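Peer 1: Just so you know, we're using our numbering here: the sequence shown kicks off at 115 and counts up by one. Built from N, CA and C at the ideal position, the CB exists for glycine as well. Source: prediction; values computed, not measured.
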Amino acid sequence: MARAAVSQKAEEGRRLSRASSSRLVPARKRRIYTHLLSWQAGCAVNAPTPKVGKTSPALRKGPSAAFAVDISDVPPPVGASRLRFRHVALIASFLSLVLVPVAVAAWYLWAVAADQYASRVGFSVRQEDSGSALDLLGGLSSLSGSSSSTDTDILYEFIQSQRLVADLDAELDLRAMWSKPDSDPVFALPAEGPIEELVDYWGRMVTSAYGTGPGLLEIEVRAFTPEDAFVITNALFERSSQIVNDISAIARDDSIRYARDDLTEAEERLRTAREQLTLFRNRNQLVNPELDLQSQAGLLSNLQQQQATALIEIDLLADQTSSGDPRLEQARRRLEVIERRIEAERQKLGFGGESAGGRAFADLVGEYERLAVDREFAETAYTSALAAYDGALAEARRQTRYLAAYTLPTLAETPEYPRRVLLLAMIAGFLFLAWSILVLIIYSLRDRR
Numbered sequence: 115m116a117r118a119a120v121s122q123k124a125e126e127g128r129r130l131s132r133a134s135s136s137r138l139v140p141a142r143k144r145r146i147y148t149h150l151l152s153w154q155a156g157c158a159v160n161a162p163t164p165k166v167g168k169t170s171p172a173l174r175k176g177p178s179a180a181f182a183v184d185i186s187d188v189p190p191p192v193g194a195s196r197l198r199f200r201h202v203a204l205i206a207s208f209l210s211l212v213l214v215p216v217a218v219a220a221w222y223l224w225a226v227a228a229d230q231y232a233s234r235v236g237f238s239v240r241q242e243d244s245g246s247a248l249d250l251l252g253g254l255s256s257l258s259g260s261s262s263s264t265d266t267d268i269l270y271e272f273i274q275s276q277r278l279v280a281d282l283d284a285e286l287d288l289r290a291m292w293s294k295p296d297s298d299p300v301f302a303l304p305a306e307g308p309i310e311e312l313v314d315y316w317g318r319m320v321t322s323a324y325g326t327g328p329g330l331l332e333i334e335v336r337a338f339t340p341e342d343a344f345v346i347t348n349a350l351f352e353r354s355s356q357i358v359n360d361i362s363a364i365a366r367d368d369s370i371r372y373a374r375d376d377l378t379e380a381e382e383r384l385r386t387a388r389e390q391l392t393l394f395r396n397r398n399q400l401v402n403p404e405l406d407l408q409s410q411a412g413l414l415s416n417l418q419q420q421q422a423t424a425l426i427e428i429d430l431l432a433d434q435t436s437s438g439d440p441r442l443e444q445a446r447r448r449l450e451v452i453e454r455r456i457e458a459e460r461q462k463l464g465f466g467g468e469s470a471g472g473r474a475f476a477d478l479v480g481e482y483e484r485l486a487v488d489r490e491f492a493e494t495a496y497t498s499a500l501a502a503y504d505g506a507l508a509e510a511r512r513q514t515r516y517l518a519a520y521t522l523p524t525l526a527e528t529p530e531y532p533r534r535v536l537l538l539a540m541i542a543g544f545l546f547l548a549w550s551i552l553v554l555i556i557y558s559l560r561d562r563r
């Protein structure tokens, strides 16, 4: 019963509120108020039943007081949005800054831009590792020059150089090849212009990249006809091979020149050492002082043995005969002769200072050994220099560094450039990003006012 009474009172409150709101607010506000009153009625129905004997103050005041709504406390609803100038400007800016340029770019890429064909070539600078005559003499290093990786770096820079572009332009007329599509001012090269412009365009149409392996180089050349791309690629490969051969020839010439200079110096040193030794022999009348020293030492040893024999003989005669015995006198004279001879031989060998006839024999032997060592060293240096020169000549007779192509120049059948879809996507993304940033900047400045 209590809930029925509450529902009846809520319905009465809704009729009163509907009647009052119909006079004060439009139909849309009436709907909002109706939903609000329904929600309040539901809350009242679900509320716990008050105990008997206790009536809330709101109910005691009547149904209109329990469910009355203050319309002034409810915020007015948001009105319907209207199209304003800023909305029109935003749409117009998107059309003019994004859609129209993208449409123009798409029209140019598919209707105006000329097809481009790509020709590719891959090569590597190879180097012979065969041993030379220098490897037979103490493991001396070969005259092979720089490594293959360094040669590839040099070749990479040469392909981007202005000299190569100028040479190929003089040989093939690159301007005529790359300016064929007159209706494509974006991707075609102007017919007239400085060499710097041609070099910049060369960097766009010729792509150099290192391969997956060490010392590998891959070249891609683009042109507006397959034949032009193939001709440019083939000429580029020939020029690269020529520059590698020139570098190898310069290295060989330098090696031969250095080896020849070393050989000339070694020959002069050997000639001087031999002349000094010959002069020593002529001055001292000795062919080989070492052999003379051995013979002199043998003679001195023999004389010393004779001296010992004479002393023994004198002692025996002194014991057996008298002091006036002629044999004893003869033995003593023989001993004196042997001693004088020993002293003379010792002076020759340098044991008693210089002899009356010239320098000590030991000094002669020392000088001879010094000259002999100089000659041997000069002979060894000459042998090494001669072997180095022969090795340099052998290296010059064969091509130690050459350009090996693992992919010959290709002739394209299908155009690969320009990559229209990729270019259009990049243009659209860039324009949309720029437009978004511009709109954000404008709205941020507007909100600060």
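DSSP state of E527, grouped into three classes?
Peer 2: Three-state result, E527: coil.
Peer 1: Verify whether the separation of the beta carbon atoms of P532 and A227 is less than 7 Å.
Peer 2: Closer than 7 Å, so yes.
Peer 1: Between the C-alpha atoms of L330 and Y324, what's the straight-line distance to the nearest angstrom?
Peer 2: Taking the straight line from one Cα to the other gives about 6 Å.
Peer 1: If I measure Cβ to Cβ from Q276 and keep anything under 7 Å in the same chain, skipping five residues before and after, which residues do I get?
Peer 2: Within the same chain, Q276 has close Cβ partners I309 and V313.
Peer 1: Using a Cβ-Cβ cutoff of less than 8 Å, which residues in the same chain neighbour L554 once the five nearest sequence positions on both sides are dropped?
Peer 2: So the list is empty, once near-sequence residues are dropped.
Peer 1: Can you tell me where the beta strand (DSSP E) holding R533 begins and where it ends?
Peer 2: Unbroken run through R533: none, as it is neither H nor E.
Peer 1: Spatial neighbours of R441 within its chain, please: CB distance less than 7 Å, with the 5 preceding and 5 following residues excluded, ordered by chain position.
Peer 2: Closer than 7 Å at Cβ, skipping near neighbours: L431 and T435.
Peer 1: Can you tell me whether DSSP reads R240 as helix, strand or coil?
Peer 2: Of the three classes helix, strand and coil, the one that applies to R240 here is strand, per DSSP.
Peer 1: Using CA atoms only, rank isn't needed, just tell me which of G307, Y496 and L417 is closest to E457.
Peer 2: Nearest C-alpha to E457: L417.
Peer 1: Which of helix, strand or coil does DSSP assign to S498?
Peer 2: Looking at S498 - three-state DSSP - the assignment turns out to be helix.
Peer 1: Using 8 Å for Cβ pairs, my map puts A486 next to L377. What's the rounded Cβ distance?
Peer 2: Contact doesn't hold; Cβ gap of about 23 Å is too wide.
Peer 1: What are the boundary residues of the alpha helix (DSSP H) that includes E306?
Peer 2: No alpha helix (DSSP H) holds E306; DSSP gives it neither H nor E.
Peer 1: DSSP state of S293, grouped into three classes?
Peer 2: Reduced to three states, the DSSP call for S293 is coil.
Peer 1: If S293 and A280 are in contact, beta carbons under 8 Å, what's the gap, nearest whole angstrom?
Peer 2: Rounded, the Cβ-Cβ distance is 17 Å, inconsistent with contact.
Peer 1: Ends of the beta strand (DSSP E) at L209?
Peer 2: Counting along the chain, L209 falls outside any beta strand (DSSP E), and DSSP gives it neither H nor E.
Peer 1: By how many angstroms is the C-alpha of W549 removed from the C-alpha of L211?
Peer 2: Distance between the alpha carbons of L211 and W549 is about 7 Å.
Peer 1: Just to confirm my understanding: we take L500, look at its own chain, exclude 5 residues before and 5 after, and list those with CB closer than 7 Å. What are they?
Peer 2: Once the five neighbours on either side are set aside, the close Cβ partners of L500 are L377.
Peer 1: Measuring alpha carbon to alpha carbon, tell me which of D296, W316 and D267 ends up nearest L288.
Peer 2: Checking every option, the nearest Cα to that of L288 belongs to W316.
Peer 1: Quick check: what's the CA-CA separation for E453 versus R446?
Peer 2: Their backbone Cα atoms lie some 11 Å apart in a straight line.
Peer 1: Just curious, the beta strand (DSSP E) that Y520 is in, first and last residue?
Peer 2: It spans R515 to T521 - the beta strand (DSSP E) in which Y520 sits, taken as one unbroken run.
Peer 1: Would you call the stretch 517-525 and the stretch 351-364 touching, i.e. three or more CB-CB distances under 8 Å?
Peer 2: The answer is yes - the stretch 351-364 touches the stretch 517-525, with three or more Cβ pairs under 8 Å.
Peer 1: Under 8 Å by Cβ, that's how I've got Y496 and L384 pegged, so tell me the actual separation to the nearest angstrom.
Peer 2: Yes, they are in contact, since the Cβ atoms of Y496 and L384 sit about 5 Å apart, within 8 Å.
Peer 1: Using DSSP's beta-bridge definition, name the partner residues of E453.
Peer 2: Beta-bridge pairing links E453 to no other residue.
Peer 1: Might you give, ordered along the chain, the residues of its own chain that have their beta carbon closer than 8 Å to the beta carbon of V216, omitting 5 neighbours on each side?
Peer 2: Excluding residues within five positions, the ones whose Cβ falls inside 8 Å are L538, I541, A542 and L545.
Peer 1: To the nearest angstrom, report how far apart M319 and V335 are at their CA atoms.
Peer 2: If I take the Cα positions, the gap works out to 6 Å.
Peer 1: Within the same chain, show all residues whose beta-carbon is closer than 6 Å to that of D342, passing over the 5 residues directly before and after it, in chain order.
Peer 2: Only M291 meet the Cβ criterion.
Peer 1: Can you name, in chain order, every residue of its own chain whose Cβ lies under 6 Å from the Cβ of A380, other than the five neighbours on each side?
Peer 2: Once the five neighbours on either side are set aside, the close Cβ partners of A380 are A495, Y496 and A499.
Peer 1: Rounded to whole angstroms, what is the Cα-Cα separation between L525 and E332?
Peer 2: The alpha-carbon atoms of L525 and E332 are separated by roughly 15 Å.
Peer 1: So, using beta-carbon positions, are S233 and F344 closer together than 7 Å?
Peer 2: A contact, by the Cβ cut-off of 7 Å.
Peer 1: Roughly how many angstroms lie between the CA atoms of R395 and R388, to the nearest whole one?
Peer 2: Each residue's Cα considered, the two are about 11 Å apart.
Peer 1: Which residues mark the beginning and the end of the alpha helix (DSSP H) in which S354 is found?
Peer 2: Segment P340 to N398, the alpha helix (DSSP H) holding S354.
Peer 1: Give the DSSP bridge partners of S233, in chain order.
Peer 2: DSSP output for S233 lists V335 as bridge partner(s).
Peer 1: I need the boundaries of the beta strand (DSSP E) containing A323, first residue and last residue.
Peer 2: From DSSP, the beta strand (DSSP E) with A323 extends over V320 to Y324.
Peer 1: Count the other CB atoms, across all protein chains shown, that sit within 10 Å of the CB of D367; report buried if there are 16 or more and exposed otherwise.
Peer 2: Under this definition D367 is an exposed residue.
Peer 1: Do A424 and L449 have their C-beta atoms within less than 7 Å of each other?
Peer 2: In this structure, L449 lies closer than 7 Å to A424 by Cβ.
Peer 1: The alpha helix (DSSP H) with R198 in it runs from where to where?
Peer 2: Premise fails: R198 is in no alpha helix (DSSP H) and is neither H nor E.
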